[in-house]
Amino acid sequence: MSSLRIINIEKQYQQTQRKSDPAFSLQPVGLTINEGEFFSLLGPSGCGKTTLLKLVAGLLQADNGEIWVGDANITAVPPEDRRFAMVFQQSLLFPHMTVEDNVAFGLKMQKVGKKQRLADAREMLEHVGLKGFGLRFPDELSGGQQQRVALARALVANPQVLLMDEPFSALDPSLREEMRELLSRIQKQFRVTVLFVTHDREEAFQLSDRIGVMSEGTLLQVGKARDLYERPESRKVASFLGLKNSVEGIVAAGRFISADRSFDFPVEETIERGPCHLILRPEVVQLKILKEDPLEDSIQLSGVIQQLRFNYGFYTGTIQVGIYLLDCSFTSQQAEGLVVGQEIDVLVNKKDLWFVA
Amino acid sequence: MTKTRPFLKSILFTLLFILIGLPFIPLILSSVSFGWQWPNILPESFSFRAWEYVLLGSSGTWQAVSVSLLIAFIVTAVNILLAVPAANALVRYPLRGKWLLEAMLFAPIVIPPFVAVMGIHLTFLRLGLTETVFGVVLAHLSPTLPYMVRAVMISYNTLSIDWEDQARMLGAGSLSRFRHVVLPHLLPGIAAGASLSILISLSQYLITFIIGSGQVVTLPILLFPFISGGDPAIASAYSLLFAGIAILTLIGMDAALKKYYQNKKAGAENG
Amino acid sequence: MWQKTKPYLLLLPAVGTIVLLFFGGLFDGLLKSLGYFPAIGETRFELTAYTDLLRSSEFWESLFLTLRVAALSSVIAGVLGAAVAISLYLLNESAKSGTTQVWHRLFQLPLTIPHLVGGYIIVLLFMQSGFLSKILATIGFIDEIPDFPVLVNDPFGWGIILTYAWKEAPFVSLMIYPVLSRIHRSWRDVSRVFGAGNWSFIREIVLPVMLPAWTIATFIVFVFTFSAFEVPFLLGVTYPSMLPVYSYQLYTSGTLADRPEALAVNILLAILTILLGLVVYYFSKRWNVLKGWD
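Going down the list, the protein sequences come from chains B, X and E.
Heads up: the first sequence is residues 1177 to 1533, going by the working numbering.
Heads up: the second sequence is residues 77 to 347, going by the working numbering.
Heads up: the third sequence is residues 468 to 761, going by the working numbering.
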């Protein structure tokens, strides 16, 4: 098995003379990416995900730590000898070469004969849906086509790892969708190990086997998309995944009490005592059917509807509970009976309550 | 706007005639004249005597043309070798005292190079470099190198390091990166710099004269006695030839560059 | 260590060449202008060459002539160049880009003409029995050769001025055209909405926009003309002569004693051009001429 192992990689940037580049440091990162896995690094811009990617590529020198592929320590191997491939945000096709020559470039560097490498290039172009485009020049292609060529060029030499740095962020949204599907299909077909960097959580969720969430130079949490979403380990992870309903409070004597005391309910003994935040996903907040008693395994909250927005087949409501504004989802049917300013009760199943420090 | 166009065009045509057309008329007429008395607007009779002398006679024209071009091309080749790494360093690396290094490299644009050449003349004399093509080549380097550095720097400025990173990730070592990525990108800049370098080298009179001491005969050296009071017909013919060679060299560089890209395209299309 | 020294090693050949051939020459000249010349046994430093020079009226006349010729050539080149650039810009606004390209190329022709040839063109045009004189005589404007003013090899330097005005006008236009081409088409529309015609558009928008670049370009022509040799050598008179020619005359006069003086002229010339160059640099940085805006 040739998994990619990142062992305590670390990088410090000194404050440069220009005031606009602040000092930045990538905290030690340890990570193992399995062969054939699609792994995404997700985080806001400036969080260090591209730095980490370039460290893995070897384009940056790490201060500390090691990178292994299978049984080989490649930390000191220069990038051109690592047999990795990389797709950047811009397609970076060489403008003076045809599409075919661009795709065959990696093979040429490996001293593959001309006939063989052009045949391989053409075959790979077919895989990315660009059969017959080989003799054109890059400037004759659209942005999406260029990025397909870049993908073909990266894959043709059968790289050990494919690194991708926000490859679709410069494309139109509709095109982006198409490219994700293509990438997903090709990745499974070639079983290539992918390390993918993005700030778009939808993209990461759609493509990845596992995701690592990064912020301010630290890898916060690694997991499958659903685990991250339902069980974020920190408020940062929660907020980056779009979980805005966060209630500050304290767990003591078997109860959770919010700072303004509008939330007060018993919790299980397994929850750690002390100050914490309650994270409520929008879809677990359920409208209480009138006159029905609170269910045994749910908690009940009372609030006032502040806002109702139609949102692709369902409604997003904002309910004020105490000093907190909670987002929740309603079906169109449920929303029909609601008006802004109305007082309502909502229920949350106890198993859906999630506390973070 | 439609009203202004004819007006604009007539202004431009007038300017074009006065600035570009008119100045060449007497030069051309004089080169084919056989006696041209005042106040006739056209020469009394025409003859190709001057052209025959310049092009066919034992006037040393072709010798001078080849010496001029030889010097210009050597100077330019050396400039390319010196300028490419220098421009790379100036554009891409953080340097201490960068302003000083740039000021030194660009100083010959401002300070007239003959000042340095007169200063170094006696030293060259002692080293046996005067009266040699090699010495003249050395003297032509400082007036031309700054333009080459400048032109290549502009090219480097538009070459993002991402291109080389991309080539690296595809397995290209440093030589391959330079050959396949950097050089094609720099080529237009190098061609522009080379054009300037050739043009400047071709038109040097004083420093060639000081270092060459009249023994290294380039076109300007050959031309000067004629235009400062020699036979006007021959002087005109030489002037036209000289200007023509300068322009042809520039057009040639331009065409070669275009052809390079077209060949790439055509080669690709033929399979 | 390699990473730190690498850029300096890359610069070494180019900087070394310039230092050796150019600054070496300047330094060599400076030493000899101070009378330090071990080859002929002179190892003392003295300022006699400079004091003699500053006391001679010839030097001051030469300097004055040089300044006047440089100033007039650069202003005329500036005006011509601006006229060409503005006309081309207006043409580009109202025509396909292909046509303007051709016009551009045509107007750049004088730039590629070697200086000596440019000088000779002016000789043929403007000498007393030259082409213009012939035209004027044919249409009956003048009767004899002496009626035509002396414009070539004249003490005022008109021949030199005309040559540089002609040769450098395309340079000025080349420098300011890119600035003009950044004037947005929409500004034209906006000014039209406010009722500005072609002339007021030029006066209110085009001229102010190009002024910094124009000033710098004209000044560069000034510095260049200031230190040029070939054209004044061909078109000037022996006395008074422009500084570079004056230096050359001293250098080749035959007596070894004049050489330090020639080199002293050179050093003063170099210092003056450096000062002028610094002025150009300062204002071009300050007005951001070389960068422009988006």
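For glycine and all other residues, C-beta sits at the position ideal for the given N, C-alpha and C.
Check	Outcome
Residue 681 of chain E - DSSP class collapsed to helix/strand/coil	helix
Nearest neighbour of residue 683 of chain E, chosen from E:549, E:526, E:668 [CA to CA]	E:549
Endpoints, the beta strand (DSSP E) within which residue 1453 of chain B is located	1450 to 1455
Given 8 Å, three or more beta-carbon pairs between the region 203 to 210 of chain X and the region 242 to 260 of chain X	no
8 Å CB neighbourhood of residue 694 of chain E in its chain, flanking five on each side removed	710, 711, 736, 740
Contact under 9 Å by Cβ, residue 575 of chain E with residue 637 of chain E	yes
Residues that residue 1120 of chain B bridges to, as DSSP identifies them	In this structure chain B extends from 1177 to 1533, so residue 1120 of chain B is not present and cannot be described.
Contact set for residue 688 of chain E: own chain, Cβ-Cβ below 6 Å, skip 5 residues either direction	541, 544, 635
Buried or exposed by the 16-neighbour rule on C-beta atoms within 10 Å, applied to residue 1588 of chain B	With chain B covering 1177 to 1533 only, the question about residue 1588 of chain B has no answer from this structure.
Contacting positions in the region 252 to 269 of chain X - beta carbon closer than 9 Å to chain B	252, 253, 256, 257, 260, 261, 263
Best match in E:719, E:477, E:752, E:698 for proximity to residue 279 of chain X [C-alpha to C-alpha]	E:698
9 Å Cβ cutoff, residue 554 of chain E in contact with chain X	yes
Touching by the beta-carbon criterion (3+ pairs, under 8 Å), the region 597 to 609 of chain E and the region 510 to 523 of chain E	no
Residue 1425 of chain B beta carbon near the ligand NAP (any heavy atom closer than 8 Å)	This structure simply doesn't include the ligand NAP, nor any ligand for that matter.
DSSP-derived helix/strand/coil call for residue 479 of chain E	helix
Cβ neighbours of residue 1265 of chain B in the same chain (closer than 8 Å, five flanking residues each side left out)	1341, 1342, 1343, 1345, 1346
Separation of residue 624 of chain E from residue 734 of chain E, as counted between CA atoms	23 Å
Beta-carbon neighbours of residue 247 of chain X, restricted to chain B and to distances below 8 Å	1256, 1257, 1259, 1282, 1285, 1286, 1333
Cβ contact check for the region 174 to 187 of chain X and the region 235 to 246 of chain X: 3 or more pairs under 8 Å	no
Residue-level contact to chain X via CB, residue 618 of chain E, 9 Å cutoff	no
Alpha helix (DSSP H) segment containing residue 226 of chain X, residue limits	209 to 233
Residue 1340 of chain B, DSSP secondary structure in three states	strand
Per DSSP, the bridge partner or partners of residue 1179 of chain B	Its beta-bridge partners do not exist; DSSP assigns none.
Contact list for residue 242 of chain X against chain B, beta-carbon separation under 8 Å	1262, 1264, 1268
Contact with chain B by residue 238 of chain X, beta-carbon distance below 9 Å	yes
N-terminal and C-terminal residue of the beta strand (DSSP E) that residue 1440 of chain B is part of	1440 to 1442
Residue 1481 of chain B and residue 1494 of chain B closer than 9 Å at C-beta	yes
Cβ shell of residue 1432 of chain B (< 7 Å), same chain only, five flanking positions each side left out	1425, 1439, 1441, 1443, 1454
Min CB distance residue 233 of chain X to chain E below 9 Å	no
Contact set between the region 477 to 495 of chain E and chain X, restricted to residues whose Cβ is under 8 Å from the partner	477, 478, 480, 481, 482, 484, 485, 486, 488, 489, 490, 491, 492, 493, 494, 495
Simplified DSSP state of residue 280 of chain X, which is helix, strand or coil	coil
For residue 541 of chain E, the three-state DSSP class (helix, strand or coil)	helix
Where residue 472 of chain E falls: helix, strand or coil (DSSP)	helix
Three-state class that DSSP yields for residue 1481 of chain B in the structure shown	strand
Contacts that residue 1303 of chain B makes with chain X (C-beta to C-beta distance below 9 Å)	Within chain X, no residue comes near residue 1303 of chain B; the closest Cβ sits about 18 Å away, beyond 9 Å.
C-beta atoms of residue 231 of chain X and residue 584 of chain E nearer than 9 Å	no
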